[in-house]
């Protein structure tokens, strides 16, 4: 007999599995179209599980109690929603009725488990839901206690794909039908893919992917999508979904996406205090909701002895102002008042919440540094700490204080034997608290895990020894599923070309690297460069970006510093005013910047009243946000469509900056990056590690830390006895002046060394501080000598004199810019990222070593820069410019005006003579003419230069 490859065969396999695991198979005749219920099962459940309540109800409703009960239930579902009725039941005639018994979190009360087993899970295939003959049918409908909770449309790819199921929901299913309003979720399913929607709205219905990955993995002897009925619709999982996950937000039912549910289930499978967990979830993953579900799940997780695994859950952020969305989301899922406390006031509020044992606390990490003394005596507790945006801040002082304040670890006697006095003993106790945290579990979320993050929180593969995240939702999957946009889809580079000339008669020497840095910044800050880039940006924005997202698109300009942001803001405002453009800009930067005797701040340079930058930028008039470091991370504005980049980007900073563009919004179909500075290969390299799964090759070898310690002592700038003496005095709480005196001799020795030693020494101590602050939390032991050196270097590094030569700003006195051009011909291309995982290297104690500065002649430096950024003029082009100058000098009419008028007067009529010469050039060289005429900035610069040259030449003749 041949295989059954029909849709009916798929449907039969689905139902057979459900009935084999306890589902009841019902028929369409059991479904009441008017009430949208399986009335028999509803009444059976109520009568069998709540006999006393039913008897009381019957007493009051003597005439047809069944019909009255069903009518009351229908009204409650219509008014309050199915999820609220299932969770909370309802009251009628002074009687409380439960419509669903959730699976208990522990076995303390066997009666609760018995009640859960009385729930009736059922399925109906080919359900006729319309109140008419030969009405439409649904492939499958899932019920709990006679109440429909999910519809399912099946398609087999041998005949039709999942797209047909989606189309069927959109075109053939009337969203006004009460059944569709009552159900919690609707699945469109094939044997390859699953999609879901919680609200049907005709053609506007939004189906979200509900798949295990970009492609569902193969399942031996089963369909790739069989997980929907073997996992998701199984009684225990469905109970957890109803009781712990599904909720309403702004009248929309929220149902977790597959990776959200899988992540929470994975982490709740067997969490253990003392273990850490890393979650690599991209932007677009719905991380805030995942954190909220996880927080409540951890609080209600019990061990086999029916004891809570974690007494308290703390959700932390390293932002100084906690994300209000995160706080509100954790609070939104709260089922019982008082479970969640938002710490939005001060550190005392946090201390009180911890002391009182509030179940879930949402706070910033910074507050822990101020409450160590207040929470030090709290009884032993287990804490689950959920970290939003885990990265290097978890090795800083605030994270250290949090560990010390919450851990219950005590130093063993054999560890304390190392102590020679009470100061050593106290230090060892602190070290043990920071290192040994048996009552803490960290659940760290990040889209861009660094090597440190992977080693601190990741899972060590026992077979290969590498570190991996415990759960992954990659950037690649988020893009494929449409939850973020691909910022590399349209990436334009506008290279900058310029030429610098030496104005000094001599040829002084400078450090080449540093001189180039100063000269490059000179070009970037040059008024002409700022003006030309501003003009290009405004032209592009007004002609292209402005019309995107149905005329609501916005843009961000990323500048390399605060001064650049101010200069851009002033130039944007000038050009917008002169061109009468109907848009406004905002500049975001910290502190005060002085420019032309005026001190600028965010408040006085922006027109925003008492509002914040974020609030003001939401206004429809404000279209371009100019930023300097601020808002390059953690800023979500879905209407950002274009980013203009005028800053060198690399590594994680490049990923975080460009990712500001990737948020989705209605009618937002694409993004655009116009980059004036970066090479696409550098940007590609920055993104590559975080496109798929990020792993760490191996753990950091702590023996290298001892090597680094020895390297530092080998400089003989200080010795261990001086470190020990400093530590003792510091621990005693001596006056600050004494600590300075203890370091003064060290500073003298340092000053006496040659520059190479000084550079090497400072590199070593910086490297030691960085690695030890991280490794101190991972070392399997406590070592006083390492900790004391760390404390000593923390103070010494702050008082050692600066040794690097300052940037040679005097080079600017001998240089001017003779030409500047931006090539805007790039029509756009895509940057393609790799397919697989990317492996990072562990931290290394070694550094690049000392490299003496090479002194180079200024003429050679300028030649090198001009070769890199030279204007694309041929020798023939240069001859044409010379010919234009000669022709102007021979023009009697022009020379008469030059002889009798100052330059500013002639400038007003010079354009006429300039255009005449340009038209003459057209006759001989159309290519050169087009180069000039199609670039307004270049044309204006050439016009001005020719005017200056005419006056200079004529002045010499007179």
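Residue numbers (our numbering): 282 to 1239. In this text, a Cβ means the ideal position worked out from N, Cα and C, and glycines have one as well.
With a threshold of 7 Å on Cβ separation, who are the neighbours of residue i within its own chain once the five nearest residues in sequence on each side are excluded?
i	result
residue 1156	Since pLDDT at residue 1156 reaches only 49, below the 50 mark, its modelled position is unreliable, and no value is offered.
residue 288	435, 436, 437 and 440
residue 755	563, 972, 973 and 974
residue 951	766, 770 and 771
residue 1227	1165, 1166, 1169 and 1195
residue 753	561 and 974
Under 8 Å by Cβ, that's how I've got residue i and residue j pegged, so tell me the actual separation to the nearest angstrom.
i	j	result
residue 559	residue 738	4 Å
residue 241	residue 849	Because residue 241 is not part of the residues shown, which for the chain are 282 to 1239, the question remains open.
residue 1020	residue 1010	7 Å
residue 490	residue 508	With 8 Å as the limit, residue 490 and residue 508 do not qualify as a contact, their Cβ atoms being about 13 Å apart.
residue 697	residue 709	6 Å
residue 465	residue 479	7 Å
residue 865	residue 902	5 Å
residue 472	residue 326	That pair is no contact at about 33 Å.
residue 1255	residue 853	Only positions 282 to 1239 of the chain appear in the structure, and residue 1255 is not among them; the question remains open.
Quick check on the DSSP output: the beta strand (DSSP E) that includes residue i runs from which residue to which?
i	result
residue 835	835-840
residue 922	921-927
residue 429	428-436
residue 468	466-471
residue 622	621-623
residue 1056	Unbroken run through residue 1056 is the alpha helix (DSSP H), 1036-1056; no beta strand (DSSP E).
residue 496	No beta strand (DSSP E) contains residue 496, which DSSP labels as neither H nor E.
residue 774	772-774
Are the CB atoms of residue i and residue j nearer to each other than 8 Å?
i	j	result
residue 1004	residue 899	no
residue 641	residue 631	no
residue 493	residue 526	no
residue 614	residue 644	no
residue 511	residue 298	yes
residue 443	residue 474	yes
residue 469	residue 447	yes
residue 1081	residue 1049	no
residue 939	residue 906	no
residue 1200	residue 1187	no
residue 351	residue 305	no
residue 557	residue 723	yes
residue 523	residue 372	no
residue 1232	residue 955	no
residue 312	residue 433	no
residue 1241	residue 835	In the structure displayed, the chain extends from 282 to 1239; residue 1241 sits before or after that span and is not available.
residue 948	residue 1079	no
With respect to the alpha helix (DSSP H) encompassing residue i, which residues constitute its N-terminal and C-terminal limits?
i	result
residue 997	Looking at the DSSP string, residue 997 is not in any alpha helix (DSSP H), and its letter there is neither H nor E.
residue 816	808-824
residue 708	703-716
residue 953	Not the alpha helix (DSSP H): residue 953 falls in the beta strand (DSSP E), residues 953-956.
residue 855	843-859
residue 333	332-341
residue 561	Taken as a continuous stretch (DSSP letters only), residue 561 belongs to no alpha helix (DSSP H), being part of the beta strand (DSSP E) at 558-562.
residue 896	894-898
residue 756	756-761
By Cβ distance, which residues of its chain are closer than 6 Å to residue i, with the 5 residues on each side in sequence left out?
i	result
residue 635	656
residue 650	679 and 682
residue 1051	none
residue 424	319 and 403
residue 565	759, 764 and 765
residue 337	376
residue 594	576, 579, 580, 641 and 665
Given residue i, which residues of its chain have a CB within under 8 Å of its CB, disregarding the five upstream and five downstream residues?
i	result
residue 389	587
residue 330	379, 382, 396 and 399
residue 1000	994
So that I know if they touch, is there some Cβ in chain C lying closer than 8 Å to that of residue i?
i	result
residue 641	Protein chains in the displayed structure number just one, and chain C is not present.
Counting pairs of beta carbons, one from the region 337-351 and one from the region 502-511, are three or more of them closer than 8 Å? Contact between the region 337-351 and the region 502-511 is absent, because fewer than three Cβ pairs lie under 8 Å.
Cβ pair count under 8 Å reaching 3, the region 515-534 against the region 902-914: Flag = no, the region 515-534 and the region 902-914 do not touch.
Check whether the region 1031-1046 and the region 959-973 touch, using three or more Cβ-Cβ pairs below 8 Å as the test. By the criterion of at least three beta-carbon pairs nearer than 8 Å, the region 1031-1046 is not in contact with the region 959-973.
The region 419-432 in contact with the region 299-319 per 3-pair CB rule at 8 Å: The region 419-432 is in contact with the region 299-319.
Does the count of Cβ pairs from the region 838-847 and the region 911-931 closer than 8 Å reach three? Three or more pairs of CB atoms, one per stretch, sit closer than 8 Å, so the region 838-847 contacts the region 911-931.
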